[in-house]
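Notes to accompany the following structure.
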Amino acid sequence: VVLMEESVLRYRTADPEAMRGQLRHLLAVMPLASVSLGIIPFTAQRNVWPLEAFYLHDDTTAVVETLTAEIKVKQPRELADYAKAFAGLAEMAVHGGAARDLIQAAIDALE
1173 VVLMEESVLR
1183 YRTADPEAMR
1193 GQLRHLLAVM
1203 PLASVSLGII
1213 PFTAQRNVWP
1223 LEAFYLHDDT
1233 TAVVETLTAE
1243 IKVKQPRELA
1253 DYAKAFAGLA
1263 EMAVHGGAAR
1273 DLIQAAIDAL
1283 E
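Each position in the sequence shown, counted from 1, maps to that position plus 1172 in the numbering used here.
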């Protein structure tokens, strides 16, 4: 499961052609059985505000990205906090057609 904020779709981290390619790649991989992509829309009712990017690899490790480091979290209590935050973010996300619409809108904004 991959979750991302709608704002990530719209940040100009490359030239428009490269951005369109990246966004189209998201559309291309969405139908794959091994991919579950959720987008948290600007309009979502917020119940979680993550302060940093984090990844839950499994039930034994979370990786947290800060400005200066990548931190591996292995303490069960802390892992539970990240799992709870992820669950809250997942509740706010849209999937399928609604997620595709947000990605397509970001592509259209580059035109």
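Each residue gets a CB set at the ideal place from its N, CA and C atoms; glycine is no exception.
For A1255, does the three-state DSSP call read helix, strand or coil?
-> helix
Return helix, strand or coil for M1191, following the three-state DSSP convention.
-> helix
Could you work out which residue in I1275, D1280 and F1226 is closest to Q1256 when comparing CA atoms only?
-> Inspection of the sequence shows that residue 1256 is occupied by Lys rather than by Gln. Checking every option, the nearest Cα to that of K1256 belongs to F1226.
Is the beta carbon of E1263 less than 8 Å from the beta carbon of F1214?
-> Contact: no.
Proximity winner among R1249, V1173, E1250 and Q1217, relative to G1210 (alpha-carbon distances) | V1173
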